[in-house]
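Undergrad:
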Amino acid sequence: MNACQLPIFKGREKYMEFDLNNEGEIDLMSLKRMMEKLGVPKTHLEIRKMISEVTGGVSHTISYRDFVNMMLGKRSAVLKLVMMFEGKAKESSPQPGGPPPERDIASLP
Numbered sequence: 212m213n214a215c216q217l218p219i220f221k222g223r224e225k226y227m228e229f230d231l232n233n234e235g236e237i238d239l240m241s242l243k244r245m246m247e248k249l250g251v252p253k254t255h256l257e258i259r260k261m262i263s264e265v266t267g268g269v270s271h272t273i274s275y276r277d278f279v280n281m282m283l284g285k286r287s288a289v290l291k292l293v294m295m296f297e298g299k300a301k302e303s304s305p306q307p308g309g310p311p312p313e314r315d316i317a318s319l320p
């Protein structure tokens with residue numbers, strides 16, 4: 212099994228399929244369309260409630276991280292931890308700024 216056959220990558224493909232505006236988030240209309248395509252149509256109010264439950268009420272769109280958490284439910288605490296640490300690593304990795312430090316001949320390998 213190669214990396215692209217793993218369930219997490221298939222989930223990413225599904226997520227991207229319903230990201231209609233290609234902004235990396237699923238909005239109300241995209242989620243409404245997804246539910247209709249799955250054969251479970253919902254009202255705008257039901258969709259808003261779903262988004263609020265998934266995002267904890269802090270956003271009007273569903274990010275990929277929210278989508279994965281929603282799909283996993285409580286089944287995979289390990290994968291949730293991995294995703295959390297990946298997010299922390301991206302936030303805490305400082306970007307070098309300014310010119311590189313000067314080096315002399317003795318410091319070269």
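In my numbering, the protein residues as written are 212 to 320.
Cβ atoms here follow ideal geometry from the backbone N, Cα and C, with glycine treated the same way.
(1) If you check the beta carbons only, do leucine 242 and methionine 261 fall under 8 Å apart?
(2) According to DSSP, simplified to helix, strand and coil, what is asparagine 213?
(3) What residues in its chain sit with their C-beta under 6 Å from that of glutamate 236, if we drop five residues either side in the sequence?
(4) Reducing DSSP to helix, strand and coil, say where glutamate 236 ends up.
(5) What residues match up with serine 274 in a beta bridge as DSSP calls it?
(6) Apart from the five residues just before and just after valine 269, which ones in its own chain have a Cβ nearer than 6 Å to its Cβ?
(7) For methionine 240, which residues from the same chain have a beta carbon less than 6 Å from its beta carbon, with the 5 sequence-adjacent residues on both sides left out?
(8) Is valine 279 helix, strand or coil when you go by DSSP?
TA: Checking against the coordinates, here is how it stands:
(1) yes
(2) Reliability of the predicted coordinates at asparagine 213 is poor, the pLDDT of 44 falling under 50, and the value obtained from them is presented with this limitation in mind. Of the three classes helix, strand and coil, the one that applies to asparagine 213 here is coil, per DSSP.
(3) Thr272, Ser274
(4) strand
(5) Glu236
(6) none
(7) none
(8) helix
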